[in-house]
Amino acid sequence: QVQLVESGGGLVQAGGSLTLSCVASGNIYSFDLMGWYRQGPGLQRELVASGDSGGVRNYADSVKGRFTMSRDNAKKTLYLQMSSLKPDDTAVYYCNLVSFLGGRKEYWGQGTQVTVSS
């Protein structure tokens, strides 16, 4: 069983920066996909960034050039560095892991709130 715990959210002014962290516990593997999703007020959950440990990264068009996802497999930690934040980035950010060993399984963290004030 995998558990994901996010941290690093908070209130920041537009143009500011935040770094989110997601620490995984349990058995995770380098070929697991990990990523960040977000859900803004009244909106559906959407992909922010995802990738594997090999450096492949997919970013939503709305965050390209502003957000960077990185992964430290030794620490079982996923990061999301966010800069040039905009009020539209306000959302609950969720960490996600997809494991393929023994069949596809998907895990979610509890989420961390990011609020960007104008």
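The sequence shown: position 109 = 109 (my numbering), numbered continuously.
For glycine and all other residues, C-beta sits at the position ideal for the given N, C-alpha and C.
Quick check on residue i: buried or exposed, where buried means 16 or more other Cβ atoms within 10 Å of its Cβ?
i, result
"residue 15", "exposed"
"residue 96", "buried"
"residue 102", "exposed"
"residue 104", "exposed"
"residue 88", "exposed"
"residue 85", "buried"
"residue 54", "exposed"
Out of the options, which has the shortest C-alpha to C-alpha gap to residue i?
i, options, result
"residue 71", "21, 40, 87", "21"
"residue 45", "90, 100, 83", "90"
"residue 76", "111, 52, 112, 116", "52"
"residue 66", "11, 115, 10, 19", "19"
"residue 13", "37, 109, 83, 24", "83"
Straight-line CA distance for residue i to residue j?
i, j, result
"residue 68", "residue 118", "22 Å"
"residue 81", "residue 61", "16 Å"
"residue 99", "residue 49", "17 Å"
"residue 139", "residue 41", "Not covered by the structure: residue 139. The range shown for the chain is 1 to 118."
"residue 26", "residue 6", "15 Å"
"residue 107", "residue 2", "7 Å"
"residue 17", "residue 74", "25 Å"
What are the partner residues of residue i, as DSSP defines its beta bridges?
i, result
"residue 113", "92"
"residue 67", "82"
"residue 58", "50"
"residue 104", "Answer is none; residue 104 lacks a bridge partner."
"residue 43", "Beta-bridge pairing links residue 43 to no other residue."
"residue 72", "77"
"residue 13", "117"
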